[in-house]
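J.:
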Amino acid sequence: MTAQIIDGTAIAQKVRNEVKDKVAARIAAGKSQPALATVLVGERIDSATYVSMKQKACAELGMTSYHKPLPADISQEDLEKLIKELNADPKVNGILVQLPLPSHLDEERVLQLISIEKDVDGFSPINLGRLAQKGREPLFVPCTPYGCIYLLKEAGVTIKGANAVVLGRSNIVGMPAALLLVKEDATVTVVHSRTKDIPAVMKNADIIIAAIGRAEMVRGDWIKPGAAVIDVGINGVPKLGPDGQQMISPKTGKPMQRLVGDVNYEEAKEVAGFITPVPGGVGPMTIAMLMANTLRAAEIQDK
Ligand code: NDP
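With the first letter of the sequence shown counted as 1, position 24 gets the number 991 in our numbering; the numbers rise by one all the way through.
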């Protein structure tokens, strides 16, 4: 069997087009242009790249973004002051604090401070708590897990009644993904670093969401034939040339890398029913869902 590839790039583009159309329609109806504030502390290159992709997406979809770059040594007090100002600013619909924050800052306190109506990343304890409670709905679902469920639905995978295994239990991916699957009536097992015999736990999984940050750890023979595999992992591994040697960038002189997921794609695609590639699977969905959440924030704040 060769798995059906779930094309995250195309599905993310569809979400972006829908958001773009809705933004244009609300502006034509005289409503405000949705606006996202991006808060970037320090100069981590990966974080700066993610923030600039988010700003670019806002511009493409007709939304405004306000960028707030802050020095790496900003105090907790000053960062909290900025969050309070953004909470109070009627021009700002969504607030995104790019994580991780430098270690001297209390991430939890910062996330807790973001107004629930502007928490477009869905990381505030109130939004996550609502996700965990029966009969309650969060205002926003964290973007990456939201994207994972969206991909499963777009691919036509039946979630209701399915056995699902989520690998990883982080606050931003694994745990909210597990909670979302429970809300969708799957029976969910969460695997983490203390889980014994992971292949045995996965044996009956109809749906696998892998978010552990371990390059190609999930092997083909761990996967039930026909299962749907959503690979969240983004891991850099050495890029080897045809001679099997590490490739060196002619531009920078540095060792080159390629990206792989948490699943061994070549093996898994021969067993799974559906699979997301890395790159081009979950990655593009995260920003698309952030854009959908920012539009939703503007709609909530219209009321
Ligand atoms: P974290 O490091 O916060 O969490 C990793 C989780 O995996 C933990 O729960 C940990 O267990 C578990 N884990 C680690 N090693 C093992 C192991 N050997 N066996 C079983 N479980 C293990 O990572 P994130 O959730 O932030 O990210 C996970 C991956 O997803 C990363 O590769 C990241 O780059 C990627 N990512 C991709 C995004 C996208 O847009 N596509 C967005 C966000 C993340 P324990 O709790 O016991 O420590």
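Cβ coordinates follow ideal geometry from the N, Cα and C atoms, glycine included.
Going by the C-beta, is Arg-1181 closer than 6 angstroms to any heavy atom of the ligand NDP?
T.: Here residue 1181 is taken as the residue at index 214 of the sequence shown, counted from 1. Flag set: Cβ of Arg-1181 near the ligand NDP.
J.: Are there 16 or more other CB atoms within 10 angstroms of the CB of Ile-1175, so buried, or fewer, so exposed?
T.: Counting from one through the sequence shown, the residue named residue 1175 turns up at place 208. Counting of Cβ neighbours within 10 angstroms places Ile-1175 among the buried residues, the total reaching 16 or more.
J.: Let me know if Thr-969 comes out buried or exposed under the rule of 16 or more other beta-carbons within 10 Å of its beta-carbon.
T.: By 1-based counting over the sequence shown, the position of residue 969 is 2. With fewer than 16 other Cβ atoms inside 10 Å of its own Cβ, Thr-969 counts as exposed.
J.: So what does DSSP say about Arg-1181, is it helix, strand or coil?
T.: Along the sequence shown, read from residue 1 onward, the residue named residue 1181 stands at position 214. The answer is coil: DSSP assigns Arg-1181 none of H, G, I, E or B.
J.: Whose C-beta lies closer than 6 angstroms to the C-beta of Arg-1103 among residues of the same chain, with five residues either side of it excluded?
T.: The residue labelled residue 1103 in the question sits at position 136 within the sequence shown. Leaving aside the five residues that flank Arg-1103 on each side, the residues in its chain whose CB is nearer than 6 angstroms to its CB run, in chain order, Arg-1097.
J.: Starting from Gln-1224, trace the beta strand (DSSP E) in both directions and tell me its first and last residue.
T.: The residue you call residue 1224 lines up with position 257 of the sequence shown. Element bounds for Gln-1224: 1224-1227.
J.: Tell me whether Lys-1035 sits in a helix, a strand or coil according to DSSP, three-state version.
T.: Mapped onto the sequence shown, residue 1035 falls at position 68. Here Lys-1035 sits in strand by DSSP.
J.: Is it the case that the Cβ atoms of Pro-1251 and Thr-976 are separated by a distance below 7 angstroms?
T.: Within the sequence shown, numbered from 1, the residue matching residue 1251 stands at position 284. Within the sequence shown, numbered from 1, the residue matching residue 976 stands at position 9. Cβ atoms of Pro-1251 and Thr-976: closer than 7 angstroms.
J.: For Ala-1024, which residues in the same chain have their Cβ closer than 6 angstroms to its Cβ, ignoring the five residues on either side in sequence?
T.: Numbered from 1 along the sequence shown, position 57 holds the residue referred to as residue 1024. These residues qualify, in order along the chain: Ile-1254, Met-1258.
J.: Can you tell me the Cα-Cα spacing of Ile-1116 and Pro-1205, whole angstroms?
T.: What you label residue 1116 is simply residue 149 of the sequence shown in a count that begins at 1. What you label residue 1205 is simply residue 238 of the sequence shown in a count that begins at 1. Between Ile-1116 and Pro-1205, the C-alpha separation is close to 31 angstroms.
J.: Terminal residues of the continuous beta strand (DSSP E) containing Asn-1202?
T.: In the sequence shown, counting from the first residue as 1, residue 1202 sits at position 235. Start and end: 1202-1205.
J.: Hey, would you say the C-beta of Thr-1005 is under 6 angstroms away from at least one heavy atom of the ligand NDP?
T.: To locate residue 1005, count along the sequence shown from 1; it is residue 38. Answer for Thr-1005: no, Cβ out of range of the ligand NDP.
J.: Suppose you measure from the CA of Tyr-1232 to the CA of Glu-1183; what does that come to, to the nearest Å?
T.: For the purposes of this step, residue 1232 is identified with residue 265 of the sequence shown, where counting begins at 1. For the purposes of this step, residue 1183 is identified with residue 216 of the sequence shown, where counting begins at 1. In a straight line, the C-alpha of Tyr-1232 is about 7 angstroms away from that of Glu-1183.
J.: Considering only residues of the stretch 1044-1123, which uninterrupted alpha helix (DSSP H) runs meet the minimum length of 4 residues and lie entirely inside it, listed in chain order?
T.: You should have 1074-1080, 1092-1099, 1110-1121.
J.: Mapping the DSSP letters down to three states, classify Gln-1028 as helix, strand or coil.
T.: Taking the first residue of the sequence shown as position 1, residue 1028 is located at position 61. According to the sequence as given, residue 1028 is Leu; it is not Gln. Leu-1028 sits in coil when the DSSP states are folded into three classes, being neither helix nor strand.
J.: Between Val-986, Gly-1240, Gln-1212, which has its C-alpha nearest Ala-1172's C-alpha?
T.: Within the sequence shown, numbered from 1, the residue matching residue 1172 stands at position 205. For Ala-1172, the nearest C-alpha among the options comes from Gly-1240.
J.: If you measure between the beta carbons of Val-1185 and Ala-1177, is that distance less than 7 angstroms?
T.: Residue mapping note: residue 1185 aligns to position 218 of the sequence shown, counting from 1. Residue mapping note: residue 1177 aligns to position 210 of the sequence shown, counting from 1. For Val-1185 and Ala-1177, yes; Cβs fall inside 7 angstroms.
J.: Grab the span of the beta strand (DSSP E) containing Val-1158 for me, first residue to last.
T.: Here residue 1158 is taken as the residue at index 191 of the sequence shown, counted from 1. Its beta strand (DSSP E) spans residues 1154-1158.
J.: Along the chain, where does the beta strand (DSSP E) that runs through Ala-1195 open and close?
T.: The sequence position of residue 1195 within the sequence shown is 228, counting from 1. It spans 1195-1198 - the beta strand (DSSP E) in which Ala-1195 sits, taken as one unbroken run.
J.: Write down the C-beta distance between Val-986 and Leu-1028 rounded to the nearest angstrom, noting that I regard them as a contact closer than 8 angstroms.
T.: In the sequence shown, the residue the question calls residue 986 occupies position 19. In the sequence shown, the residue the question calls residue 1028 occupies position 61. Indeed they touch by this definition, with Cβ atoms about 5 angstroms apart.
J.: Under the three-state reduction of DSSP, which class applies to Asn-1130: helix, strand or coil?
T.: Position 163 of the sequence shown, counted from the first residue, corresponds to residue 1130. Three-state DSSP puts Asn-1130 in a strand.
J.: Using DSSP bridges, identify the partner residues of Ala-1004.
T.: Locating residue 1004 in the sequence shown gives position 37, counting from the first residue. Its beta-bridge partners are Tyr-1033, Ile-1062.
J.: With distances taken from CA atoms, which of Thr-1243, Gly-1228, Leu-1037 is nearest Gly-1203?
T.: What you label residue 1203 is simply residue 236 of the sequence shown in a count that begins at 1. Among Thr-1243, Gly-1228, Leu-1037, the Cα nearest to that of Gly-1203 belongs to Gly-1228.
J.: When DSSP labels each residue in this structure, what does Gln-1268 get in the three-state scheme?
T.: By 1-based counting over the sequence shown, the position of residue 1268 is 301. Reduced to three states, the DSSP call for Gln-1268 is helix.
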